[in-house]
Amino acid sequence: MKFQVTIVGHGAEALEFLNDSDNSFFILFNENAPEELAEISVLHTISAVYKEPAPGDTMKIGDKEFKITAVGVEAPYTLRELGHCTVNFGGGEEAALPGCIMLEGSEKVTVEDLQAGTEISIY
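Adding 119 to a residue's 1-based position in the sequence shown gives its number in the numbering used here.
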């Protein structure tokens with residue numbers, strides 16, 4: 120296990136881009152995020168990053184698994200220091216932004232998947 124957290128809640132605007140057909144994503148942050156960032160983030164318990172995520176790893180959100188296809192250059196640092204990254208479902212071999220972790224998979228993540236109590240892990 121490289122990283123494992125439990126969602127504790129999300130801000131009012133956190134799930135607005137989840138169903139965007141062109142660019143589906145959500146922003147992840149530790150539960151102690153500043154208020155202005157918490158409003159747009161899925162918040163989770165604070166946890167160590169035991170090993171940096173890498174292409175080929177799996178991210179599991181609840182019971183749905185996704186292949187990590189790319190990791191932005193800033194994502195390992197921000198995940199370790201702030202519990203922060205942008206989880207982007209666009210796939211591809213290059214990260215959309217420096218703080219993105221790009222995923223691909225056959226299932227869609229829904230609003231119901233990102234509720235308090237859901238576990239997110241990388242392995």
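Note that CB positions come from ideal geometry on N, CA and C, so glycine has one too. Computed from a prediction, not measured in an experiment: that's the story for all the values here.
For M221, which beta-bridge partners are listed by DSSP? A189 and N207
With a threshold of 16 other CB atoms inside 10 Å of the CB of N151, please say whether the residue is buried or exposed. exposed
For L201, the three-state DSSP class (helix, strand or coil): helix
Taking the alpha carbon of L134 as the reference point, which residue from E200, G211 and V206 has its own alpha carbon closest? V206
Burial state of A167, where buried means 16 or more other Cβ atoms lie within 10 Å: Exposed, since its Cβ has fewer than 16 Cβ neighbours within 10 Å.
Coarse secondary structure for V161, derived from DSSP in three states: strand
Identify which residue in P174, V230 and S225 has its Cα closest to the Cα of E132. V230
Residue from L198, A189, F144 and L201 with nearest C-alpha to M221: A189
Helix or strand or just coil, what does DSSP make of E238? strand
For P172 versus G191, is the C-beta distance shorter than 7 Å? no
Give the DSSP-derived three-state secondary structure of V230 in the structure shown. If DSSP states are grouped into helix, strand and coil, V230 belongs with the helices.
Cβ-Cβ separation, C204 to L243 (assumed contact under 8 Å), whole Å: A question about residue 243 goes unanswered here, because the residues of the chain that appear run from 120 up to 242.
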